[in-house]
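For reference, the structure is listed below as structure tokens.
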Amino acid sequence: MKVLVIGGGGREHAICWKLSQSKRVDKIHCTPGNAGIAEIAECVDIKPTDFDALIDFVKYEWIDLTIVGPEEPLAKGIVDAFRKEGRKIFGPGADAARLEASKEFSKDFMRRYGIPTGEYKVFSSYIHAEDYVRMMGAPIVIKADGLAAGKGVIVAKTVEEASDGLRLMMKERAFGAAGDRVIVEECLEGEEASFMAFTDGKTIVPMVSSQDHKRVFDNDQGPNTGGMGAYSPAPVITPGVQKLIMEKVMEPFLRGIKAERMGYKGVIYAGLMIKNGKPQVLEFNCRFGDPETQAVLARLDSDLFEIALATCEGKLSEEMVRWKEDASVCVVLASGGYPGSYKKDLEIKGLKEASKVKGVTVFHAGTAFEEGKVVTSGGRVLGITATGMDVRAAREKAYEAVSKITFDGMLYRKDIADRAIAGK
Ligand code: AMP
Ligand code: GLY
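If you're matching positions, the sequence shown starts at 4 in the numbering used here and goes up one per residue.
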């Protein structure tokens with residue numbers, strides 16, 4: 004079988020890596036890919052949003068299954084375009100992808116199906132939003148309605164900070180049209196965790212839990228990023244909490260997509276806040292998380308291709324998805340300056356040494372080949388992922404591998420998984 008993976012980050016490297024272990028997969032193509040993916044897949048330079056070119060490619064290469072990594076092509080309707088041509092593709096259609104692409108749609112969906120989430124109001128007028136923020140007081144959360152690459156959320160500690168956020172989004176249009184409508188949301192407290200599940204639209208099968216590290220610096224300081232590291236499992240998701248997540252979040256979600264006839268075949272990701280054992284949803288994403296996927300797929304015992312194919316064919320079942328007992332940790336190495344501006348084309352050294360550490364897989368994100376060398380080409384550069392008998396053991400191996408890698412300005416958090424180990 005031939006598979007096309009769309010995207011070129013750490014998540015897509017982890018997907019390609021897991022697919023490459025399948026006996027049923029003969030060839031993997033990836034677009035655009037990166038220097039690490041190029042070792043296991045053939046990279047092709049087609050834009051993830053150029054659907055015509057992608058469909059031509061899939062026909063020409065006789066691709067059996069396409070798996071979509073990032074949100075943008077999903078929101079723009081890649082799945083609908085492929086299905087119209089009778090092509091198998093893993094991901095939700097554009098209507099369901101609004102669960103991620105529009106926070107207003109997502110919050111309204113949660114309300115319709117009784118999914119626990121913070122109270123909220125939606126505004127398209129700056130003046131009304133400002134009034135409401137003053138009335139509610141701080142802390143309060145301001146969210147741009149549309150996609151803003153994980154940067155359109157401000158958790159404001161003061162009313163002034165919230166007003167500044169509203170001005171930035173609605174008046175200065177820092178996120179363009181994404182900020183024309185803004186959600187003002189109750190600030191939730193607790194411990195965050197990520198919970199992903201496979202669904203073929205009929206059945207929903209959970210993955211193991213994980214936890215992201217969104218802020219750029221240690222101790223959750225500095226601006227939000229795409230994610231600086233992850234571990235799995237997240238101790239806050241005890242078996243009891245997982246049962247509640249399935250009952251209160253995942254099953255109502257499935258009821259909702261059925262009732263609204265959304266053709267959902269792919270991954271649903273719930274960003275959760277857990278307080279006193281009760282989950283509330285911060286956001287839905289319609290795809291695999293990054294870097295959670297690197298940590299989660301490192302623990303998948305089953306064949307990802309079989310799961311993805313069954314998902315697309317409406318044949319998904321619990322028995323198909325088995326996990327290893329091992330825990331995992333992924334430490335992201337980023338370019339100095341990220342999530343702001345950063346330099347590119349800096350040589351990365353020590354990749355081979357790092358991957359020799361037992362239990363470690365080096366997932367590439369923003370990397371490229373230049374004159375025979377692997378160089379940086381993006382904000383998040385690598386995701387050093389290790390498995391071990393528990394999170395502590397996995398963490399130790401991940402950081403041992405990190406110590407072998409160097410590039411100018413290399414930035415990473417030194418406290419990934421510390422909370423899990425401290426038992427907080
Ligand atoms: P989102 O993109 O909606 O997940 O938001 C990014 C980050 O902002 C989350 O991971 C949380 O850390 C934080 N956040 C979002 N919504 C809330 C909320 N209602 N209360 C507290 N923190 C939030
Ligand atoms: N790590 C958060 C996300 O993938 O959106």
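Note that the Cβ used here is the ideal one computed from N, Cα and C, for glycine as well.
All figures in this text were calculated on a predicted structure; none of them were measured in a lab.
- Counted as a single uninterrupted DSSP element, the alpha helix (DSSP H) harbouring Ala-298 occupies residues 295-300.
- Trp-20 counts as buried, since no fewer than 16 other beta carbons sit within 10 angstroms of its beta carbon.
- With fewer than 16 neighbouring CB atoms inside 10 Å of its own CB, Gln-224 falls in the exposed class.
- Ranked by Cα distance from Ile-58, the first of Leu-336, Thr-34, Val-211 is Thr-34.
- Residue range 330-337 is occupied by the beta strand (DSSP E) that includes Ala-330, with no alpha helix (DSSP H) assigned at that position.
- Annotation: Glu-189 is outside any alpha helix (DSSP H); the continuous beta strand (DSSP E) that includes it extends over 185-189.
- When beta bridges are read from the DSSP output, Pro-209 appears opposite Ala-200.
- Under DSSP, Asp-215 forms a beta bridge with Ala-233.
- In this structure, the ligand AMP has no non-hydrogen atom nearer than 7 Å to the beta-carbon of Gly-266.
- Shown here for Ile-260: same chain residues with a beta carbon closer than 7 Å to its own, the five before and five after excluded, namely Ala-99, Gly-204, Tyr-267 in chain order.
- In chain order, Gly-280, Lys-281, Pro-282 place their CB closer than 8 Å to the CB of Leu-247, counting only its own chain and leaving out the 5 sequence neighbours on each side.
- Straight through space, the alpha carbons of Gly-12 and His-32 are spaced by roughly 14 Å.
- A direct Cα-Cα distance of roughly 47 Å separates Val-8 from Met-138.
- Here Ala-397 is buried. Its C-beta has 16 or more other C-beta atoms within 10 Å.
- If the five residues before and after Ala-38 are omitted, its C-beta is found closer than 6 Å to the C-beta atoms of His-367, Thr-370, Ala-371, Phe-372, Val-377, all from its own chain and listed in chain order.
- Judged by DSSP secondary structure, Met-139 falls within the alpha helix (DSSP H) whose first and last residues are 129-139.
- Secondary structure within the region 372-413: the alpha helix (DSSP H) runs of 4 or more consecutive residues, fully enclosed, are 394-405 (chain order).
- Val-332 and Gly-412 have their C-alpha atoms some 23 Å from each other.
- Taking a contact to require three or more Cβ pairs closer than 8 Å, the region 296-303 and the region 234-246 qualify as touching.
- Separation of the CB atoms of Asn-288 and Glu-74 is rounded to 7 Å, and the pair is thereby assigned contact status at 8 Å.
- Counting C-beta pairs with one atom in each stretch, the region 239-246 and the region 319-327 have fewer than three that are closer than 8 Å, which means they do not touch.
- Restricting attention to Val-185, Glu-164, Ala-165, Val-162, the CA atom closest to the CA of Met-173 is found in Val-185.
- Contact between Ala-196 and Gln-214 holds: their C-beta atoms lie close to 5 Å from each other, under 8 Å.
- Sequence-distant partners of Glu-316 (beyond 5 residues in either direction) whose C-beta falls short of 8 Å from its own C-beta, in its chain, are Lys-91, Asp-203.
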